[in-house]
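A.B. asks: Count along the sequence shown from 1, then add 3; that gives the number in the working numbering.
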Amino acid sequence: MNTLAISTSSFDIDNNPPLQQLLQQDFRIMSNPHRRKLTEDEIIELLSGGIVGLIAGIEPLTERVFQSAPALKVISRCGTGLDTVDLQAAQNHGITIFNTPEAPAQAVAELTMGMMLSLLRQINQTDQAVRKGEWPRTQGRLLAAQTVGIIGLGHIGRRVAKLCQAFEAKVIAHDPFATQIPEGVTLMPLEPLLSCADIVTLHLPYSAKTHHLLDHKALQSLKPEAIIINTARGGLVDECALAEALNSGKVSVAALDTFEQEPYHGDLCACDNTVLTSHVGSLARESRQRMEIEAADNLLRGLINIGMVK
């Protein structure tokens, strides 16, 4: 019997037609027993025993992992980013890689907008004050009056641009690899964007080149009262430098859904002027269902291509 593995923290197997098709063809499915992001050692353990196909989360898929799983032939990433996958090592081991770039895009874009509006109108802080018996007359800011700087114009960044434009905000962007530029969006180099954007929102992959893209120097170049949002990848922002900028008032507020180490327990937890969420960008019910079905369908197609499924 061939065995598949699912390493995401949760996955609806019962309502997934491609997986049900594989189960009917005598495939067995092993799920993530920890129900959280796996370490390198834990994914190696999950893949032991002749796993031929993997629906992957954001765990590290390294040369060491591939060496330990010689039967592995297909990886279908449930999500957009492939920064945790050593693509060259996968190719060297004859492993086919898929992802689902379109499925989570709307969900992440909408979370970004929710964060943007919450920060501008100070919804979280006002809610907490009212619960304490206070009645603050908080004056917020209009999104329509802001210049939004989007770093990364992929599937998600383009959606964020259009949603911001619907609120009548001015949108500028930085992406040297962009092939589709929404109408009305002005492209510019990174440094000018940082110096003139009221809101900076990140929507690009993580790599060695983008590690700590927003570091101490970049944060110091921002406008007064700037807002930072990261719903892309942990590691794009130097979290310690951001905490310092928030405490000093250089950055007015920030919202992050992704962190270098997850679960996150760092300095930003002590900052009152932050909104922190637990990497839930794609976890809208409709988007998650679509993403899981697409990931399973990609896995099925990959197995068909190598002759393991009729």
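Even glycine gets a Cβ: it sits at the ideal position worked out from N, Cα and C.
Roughly how many angstroms lie between the CA atoms of Ala257 and Gln183, to the nearest whole one?
C.D. replies: Ala257 and Gln183: Cα-Cα distance of roughly 28 Å.
A.B. asks: In the structure shown, what three-state DSSP assignment does Ile175 receive?
C.D. replies: Strand at Ile175.
A.B. asks: Kindly identify the DSSP beta-bridge partner or partners of Ala112.
C.D. replies: Ala112 is not bridged to any residue.
A.B. asks: Nearest by alpha-carbon distance to Phe30: which of Asn5, Gly52, Glu48 and Asp44 is it?
C.D. replies: It is Asn5 whose Cα lies nearest to the Cα of Phe30.
A.B. asks: Using 8 Å for Cβ pairs, my map puts Leu193 next to His177. What's the rounded Cβ distance?
C.D. replies: At roughly 5 Å, the Cβ-Cβ gap stays under 8 Å, so Leu193 and His177 are in contact.
A.B. asks: Can you tell which of Asn276, Asp201, Arg288 and Leu22 has the C-alpha that lies nearest to the C-alpha of Ser79?
C.D. replies: Per the Cα distances, Leu22.
A.B. asks: If you draw a straight line from the alpha carbon of Glu171 to that of Gly52, how long is it in whole angstroms?
C.D. replies: When rounded, the distance between both Cα atoms is 55 Å.
A.B. asks: Tell me the residue span of the beta strand (DSSP E) that contains Ile16.
C.D. replies: Ile16 -> no beta strand (DSSP E), and no H or E assigned at all.
A.B. asks: Buried or exposed: where does Glu137 fall if 16 or more other Cβ atoms within 10 Å of its Cβ makes it buried?
C.D. replies: The residue in question, Glu137, is exposed, as its Cβ has fewer than 16 Cβ neighbours within 10 Å.
A.B. asks: Thinking C-beta only, is Thr204 closer than 7 Å to Thr115?
C.D. replies: Cβ distance < 7 Å, so Thr115 and Thr204 count as in contact.
A.B. asks: Taking the Cβ atom as the reference point for each residue, do Gly160 and Ile175 lie within a distance shorter than 7 Å?
C.D. replies: No. Outside cutoff.
A.B. asks: Whole-angstrom Cβ separation of Gly97 and Val77, contact assumed at under 8 Å?
C.D. replies: Contact flag wrong, Cβ pair sits at about 10 Å.
A.B. asks: Measure the Cβ-Cβ separation of Lys40 and Glu66 and say whether it is below 7 Å.
C.D. replies: Not closer than 7 Å, so no.
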